[in-house]
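Asker: To start, I am sharing the structure in question, which I have written as structure tokens.
2 protein chains.
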Amino acid sequence: MSVQIDALDRKILAALQEDASRSLDEIARLVGSSKTPVWTRIRKLREAGVIGRQTVLLDAEALGLEACFFVLIRTSEHEAGWQKKFLAALRARPEVLEAHRLAGEIDYILKVRVRNARAYDAFYQALISEVRIYNVTALLSMEEIKATTLLPLEQVPSGS
Amino acid sequence: MSVQIDALDRKILAALQEDASRSLDEIARLVGSSKTPVWTRIRKLREAGVIGRQTVLLDAEALGLEACFFVLIRTSEHEAGWQKKFLAALRARPEVLEAHRLAGEIDYILKVRVRNARAYDAFYQALISEVRIYNVTALLSMEEIKATTLLPLEQVPSGS
DNA sequence: CTTGAAAGCGATAACAC
DNA sequence: GTGTTATCGCTTTCAAG
Chain C
1 MSVQIDALDR
11 KILAALQEDA
21 SRSLDEIARL
31 VGSSKTPVWT
41 RIRKLREAGV
51 IGRQTVLLDA
61 EALGLEACFF
71 VLIRTSEHEA
81 GWQKKFLAAL
91 RARPEVLEAH
101 RLAGEIDYIL
111 KVRVRNARAY
121 DAFYQALISE
131 VRIYNVTALL
141 SMEEIKATTL
151 LPLEQVPSGS
Chain W
1 MSVQIDALDR
11 KILAALQEDA
21 SRSLDEIARL
31 VGSSKTPVWT
41 RIRKLREAGV
51 IGRQTVLLDA
61 EALGLEACFF
71 VLIRTSEHEA
81 GWQKKFLAAL
91 RARPEVLEAH
101 RLAGEIDYIL
111 KVRVRNARAY
121 DAFYQALISE
131 VRIYNVTALL
141 SMEEIKATTL
151 LPLEQVPSGS
């Protein structure tokens with residue numbers, strides 16, 4: 001089960017995910033509280049794992065990682081050994097930014113960031129040489145309309 | 001292309017995206033330099049937009065946002081007016097974490113985070129009542145195998 | 001590039017409400 | 001539990017060697 005999150009926690013989380021460089025004082029002011037209680041709550045949320053990694057979002061395009069693919073994968077193999085190997089391969093490859101196991105006829109979806117189409121092909125060839133895959137469809141992104149890490153906290157149920 | 005990124009910049013970016021709460025001193029030590037040059041470079045990278053938002057990653061499951069859908073969208077409409085309205089609708093909805101316009105027969109892909117299947121349906125109904133959509137396939141994630149915001153900086157070209 | 005220094009902040013404790 | 005105040009040492013930021 002989750003953790004008890006009340007309205008104040010939610011405000012703190014919202015302030016933090018919007019800008020994690022804010023000082024304790026600023027967050028306290030924003031949420032209408034003061035330093036100590038805010039600090040205690042942040043510590044608890046961190047310990048509970050609700051607050052995870054603190055990071056900086058980089059501009060992939062500016063860094064020359066100009067191609068983004070969504071990869072739909074079907075497999076005929078469903079034994080534990082194959083799956084374990086497949087997951088390990090995905091986790092080991094840094095160009096795989098997301099990987100999900102799906103319900104339905106498509107088994108997996110990946111999001112892959114690379115320099116260009118050639119780099120994607122190199123990734124693809126390497127992957128299929130490591131594990132057997134039945135069917136792959138690559139969807140090339142033409143335009144990133146939206147990309148956010150901000151969770152919709154308004155929709156989070158309040159802990160009793 | 002945008003900015004000159006050298007090996008030192010890349011190390012700094014790697015250190016920062018891995019843990020943005022690190023102090024300047026620590027980063028300087030990690031990358032084998034000292035405070036001021038590191039600080040100057042970070043400032044420039046920020047101004048150039050290479051370094052963007054500083055944030056904290058929250059655990060969606062722990063917050064009760066337990067369902068994640070990838071939504072494949074086909075449309076028959078391609079005029080500017082329709083597209084503008086569609087993009088505005090996506091940007092306005094906080095449960096849409098990602099949206100891409102694609103090449104190929106599928107026109108758009110969305111990543112949507114909600115509490116449960118019912119909340120997804122509410123989102124879906126609201127969306128199709130706002131803009132006309134030809135065909136929608138929702139892929140439900142059963143397991144998040146990997147989800148990272150860390151870009152593969154090893155693969156970033158130097159200079160240029 | 002390095003030193004250094006002023007201002008600010010994080011992390012906690014003591015105490016009152 | 002929350003708010004106030006005060007503390008110490010570290011950090012950011014920037015000027016000048």
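Chains C and W are the protein sequences, given in the same order. Position one of the first sequence corresponds to residue 1 (the UniProt record's numbering), numbered consecutively onward. Position one of the second sequence corresponds to residue 1 (the UniProt record's numbering), numbered consecutively onward. The C-beta atom is built at its ideal place from N, Cα and C for all residues, glycine as well.
Under a Cβ-count criterion, where at least 16 other Cβ atoms within 10 Å of its own Cβ denotes burial, should W/Leu-24 be classed as buried or exposed?
Answerer: exposed
Asker: Would a C-beta distance cut-off of 9 Å place W/Glu-66 and C/Glu-98 closer than the cut-off?
Answerer: no
Asker: Over the uninterrupted alpha helix (DSSP H) stretch that includes C/Ser-141, give me the two end residues.
Answerer: From DSSP, C/Ser-141 is part of no alpha helix (DSSP H) but of the beta strand (DSSP E) over 135–147.
Asker: On the three-pair Cβ rule with 8 Å, is the stretch 83–93 of chain W touching the stretch 131–149 of chain C?
Answerer: yes
Asker: Say whether chain C places a C-beta atom closer than 9 Å to the C-beta of W/Tyr-108.
Answerer: yes
Asker: When DSSP labels each residue in this structure, what does C/Val-131 get in the three-state scheme?
Answerer: coil
Asker: Which chain C residues sit within Cβ distance under 9 Å of W/Asp-19?
Answerer: Simply Arg-53, Gln-54, Thr-55.
Asker: Pick helix, strand or coil for C/Ser-160, following the three-state DSSP scheme.
Answerer: Caution applies to C/Ser-160, whose pLDDT of 40 falls short of 50 and renders its modelled position unreliable; the value that the coordinates give is listed next. Looking at C/Ser-160 - three-state DSSP - the assignment turns out to be coil, as it is neither helix nor strand.
Asker: I need the boundaries of the alpha helix (DSSP H) containing W/Thr-36, first residue and last residue.
Answerer: 35–47
Asker: Based on the DSSP output, what are the partners of W/Thr-55 in its beta bridges?
Answerer: C/Thr-55.
Asker: If you count every other CB in all the chains shown that lies within 10 Å of the CB of C/Leu-150, and 16 or more means buried, which is it?
Answerer: exposed
Asker: Are the stretch 34–50 of chain C and the stretch 109–125 of chain C touching, with three or more C-beta to C-beta distances below 8 Å?
Answerer: no
Asker: Could you check if C/Ser-141 is buried or exposed, using at least 16 other CB atoms within 10 Å of its CB as the buried criterion?
Answerer: buried
Asker: Do you know how far the Cα of W/Val-114 is from the Cα of W/Thr-137?
Answerer: 17 Å
Asker: Return no unless some Cβ of chain W is closer than 9 Å to the Cβ of C/Gln-125.
Answerer: Taking 9 Å as the CB threshold, C/Gln-125 stays off the interface with chain W.
Asker: Taking C-beta pairs closer than 9 Å, name the residues in chain W that C/Arg-101 reaches, listed in chain order.
Answerer: Ser-141, Met-142, Glu-143, Glu-144, Ile-145
Asker: Pop quiz: C/Leu-57 and W/Arg-53 are said to be a contact at Cβ under 8 Å. What is the actual Cβ separation, rounded to whole angstroms?
Answerer: 5 Å
Asker: Are the CB atoms of C/Ile-51 and C/Leu-16 nearer to each other than 9 Å?
Answerer: yes
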